[in-house]
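If you count by the numbering used here, then the sequence shown holds residues 161 to 372, one letter each, in order.
Input: a single structure, listed below in structure tokens.
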Amino acid sequence: MAGLMPTPASANSPSAFTILDVDQNAYLFVGGILGTVKKADAVRTTTFTGCMGETFLDNKPIGLPQRSEGEGTVQLDGEGYSGVARPVRWNPNVSTVTFKFRTFSSDALLMYLATDDMKDFMSLELSEGKVKLTFDLGSGVGTVTTASRHNDGRWKSLTIWRNKKQATVSIVDVDGGGEEKMSATSPGSATGLNLREKQKIYFGGLPTLGNY
């Protein structure tokens, strides 16, 4: 569910016709209309600037194509993901990851990485709008959740530092400058997240089960 609910609006057509007669070759345009498409005279605007997501048609979710918002920025619609290869020089004991995000979604996957056997993994997610860190180095799960919600649609800069069993997360409001920090320690004796060279770090979602 999104953090903000839209305000409903309604209208009636003045004529006696009651059917919107479209067939399987018709297109539904969201966010703009191609210049080659003939539009009704009542439609005054043909473009949109901003972010869209969580789109439903007849109460069924439809995925919007993902596109770039700028260099290094990806817009996700709740059905896609972005995956990057593990750095060649990967230190299993010490790592730092930084990324920015903005969303109104209450529950979402921000980042995920795991070994093939899933004994070692780390995830950052939104749970009821709060950032939740969960990680296991092979000898037990460490987890911690922020006190504040971070799904207000503002840009957040998130950094996670891990030194062996100790992990610290910082979330900074890019515009407001406020910061929240949290830390967690994994139990047991294991200290390394043993991600192999061909394994990926995922942002915003995961591919179909079995393809990662």
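The beta-carbon is built from N, C-alpha and C at its ideal position, and this holds for glycine as well.
Would LEU269 and LEU353 be called neighbours here (beta carbons separated by less than 9 angstroms)?
Position 109 of the sequence shown, counted from the start, is the residue given in the question as residue 269. Position 193 of the sequence shown, counted from the start, is the residue given in the question as residue 353. Against a cut-off of 9 angstroms, the Cβ pair of LEU353 and LEU269 comes out as no contact.
Is VAL334 near TRP315, with beta carbons less than 9 angstroms apart?
Position 174 of the sequence shown, counted from the first residue, corresponds to residue 334. Position 155 of the sequence shown, counted from the first residue, corresponds to residue 315. Contact flag set, yes.
Rounded to a whole number of angstroms, what is the C-alpha to C-alpha distance between ALA344 and ARG309?
In the sequence shown, counting from the first residue as 1, residue 344 sits at position 184. In the sequence shown, counting from the first residue as 1, residue 309 sits at position 149. Between ALA344 and ARG309, the C-alpha separation is close to 18 angstroms.
Might you give, ordered along the chain, the residues of its own chain that have their beta carbon closer than 6 angstroms to the beta carbon of MET282, omitting 5 neighbours on each side?
Start at 1 with the first residue of the sequence shown, and residue 282 comes out as number 122. Only LEU273, PHE295 meet the Cβ criterion.
At least one CB of chain B closer than 9 angstroms to the CB of LEU269: is that the case?
Here there is only one protein chain, and chain B is not present.
Hey, how far is the Cα of THR306 from the Cα of GLY336?
Here residue 306 corresponds to residue number 146 of the sequence shown, with the count starting at 1. Here residue 336 corresponds to residue number 176 of the sequence shown, with the count starting at 1. Looking at the two C-alpha atoms, the distance is approximately 18 angstroms.
Pick helix, strand or coil for SER346, following the three-state DSSP scheme.
Taking the sequence shown and counting its residues from 1, the one referred to as residue 346 is at position 186. Coil.
Quick check on the DSSP output: the beta strand (DSSP E) that includes ASN323 runs from which residue to which?
Taking the first residue of the sequence shown as position 1, residue 323 is located at position 163. Where ASN323 is concerned, the enclosing beta strand (DSSP E) stretches over 316-323.
Quick one: give me the first and last residue of the beta strand (DSSP E) that PHE261 is part of.
Taking the sequence shown and counting its residues from 1, one reaches residue 261 at position 101. Its beta strand (DSSP E) spans residues 254-261.
Near ASN253, what residues of its chain come up, given a Cβ to Cβ distance below 6 angstroms and the 5 sequence neighbours on each side ignored?
One-based indexing of the sequence shown puts residue 253 at position 93. The answer, listed in chain order, is LYS324, THR351, GLY352.
Go through its chain and collect everything with a Cβ distance to PHE261's Cβ below 7 angstroms, but skip five positions before and after it.
The count along the sequence shown starts at 1 and reaches residue 261 at position 101. The residues are LEU270, LYS316, LEU318.
Can you list, in chain order, the residues of its chain with a C-beta nearer than 7 angstroms to that of SER349? Leave out the 5 residues immediately preceding and following it.
For this step, residue 349 is matched to residue 189 along the sequence shown. The answer, listed in chain order, is SER299.
Just list the residues that DSSP pairs ARG309 with in beta bridges.
The residue labelled residue 309 in the question sits at position 149 within the sequence shown. DSSP, once it has assigned bridges, lists LYS290 as partnering ARG309.
Please report how far the alpha carbon of LEU286 lies from the alpha carbon of GLY313, in whole angstroms.
Looking up residue 286 in the sequence shown gives position 126. Looking up residue 313 in the sequence shown gives position 153. Approximately 13 angstroms, taken between the alpha carbons.
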